[in-house]
Ligand SMILES: C[S@@+](CC[C@H](N)C(=O)[O-])C[C@H]1O[C@@H](n2cnc3c(N)ncnc32)[C@H](O)[C@@H]1O
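Below, the structure is given as structure tokens:
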């Protein structure tokens, strides 16, 4: 299991400026590309299904996909990020906790894990008996829902490096998604080529 104390502390420190940092025209264009790609595949479902947002941060996905409170639960290890999310989206449900707790909740139609949450999970650790942390994390997401959407950085992004960020290339992501899903698709973004958008369906 990944120790998330440092991750939570890192995000607690930046929670109050997190949204501002991404309020740039470049970020908004990248957001648009992701939103369009996810909606092209899951648009109908996003309007009607139950969504679990793992590593929800300040609630980016609620805005991006216009998810109604009754169909949304967000989980994040950072109490600071969750408290910003609660300020912005008072009617939505949030819990402070790690992605492991996702598997304890009722299974959802769609699990979102957006903008680098999985980059806080190392790929492998040769000193541990259970070496593939990334595989375990994807399998936890897979157990939490019928479909999983994850946006993962394939090359280091400076903003997150100080918080223990790890890049995962398509080979690692492919191995993890292939083990968990009947069907999966992984593609780099055009406007943000360091990022890969991953879809997995049972
Ligand atoms: C880069 S932010 C992305 C936030 C949000 N998904 C978004 O799209 O804006 C990563 C978030 O993942 C959370 N996080 C990192 N590791 C986590 C874990 N194992 N379980 C739950 N949340 C985690 C962090 O606290 C942080 O809020």
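Residue numbers (this note's numbering): -2 to 199. For every residue, glycine included, the Cβ atom is placed at its ideal position computed from N, Cα and C.
Buried/exposed call for residue i, threshold 16 Cβ in 10 Å
i, result
"residue 44", "exposed"
"residue 21", "exposed"
"residue 175", "exposed"
"residue 163", "buried"
"residue 183", "buried"
"residue 193", "buried"
"residue 139", "buried"
Proximity of residue i and residue j at Cβ, strictly below 9 angstroms
i, j, result
"residue 80", "residue 12", "yes"
"residue 180", "residue 137", "no"
"residue 71", "residue 50", "yes"
Backbone secondary structure at residue i - three-state DSSP
i, result
"residue 112", "coil"
"residue 118", "coil"
"residue 177", "helix"
"residue 162", "coil"
"residue 183", "strand"
"residue 65", "coil"
First through last residue of the alpha helix (DSSP H) which encompasses residue i
i, result
"residue 13", "2 to 18"
"residue 95", "Counting along the chain, residue 95 falls outside any alpha helix (DSSP H), and DSSP gives it neither H nor E."
"residue 43", "22 to 45"
DSSP beta-bridge partners of residue i
i, result
"residue 50", "71 and 109"
"residue 90", "70"
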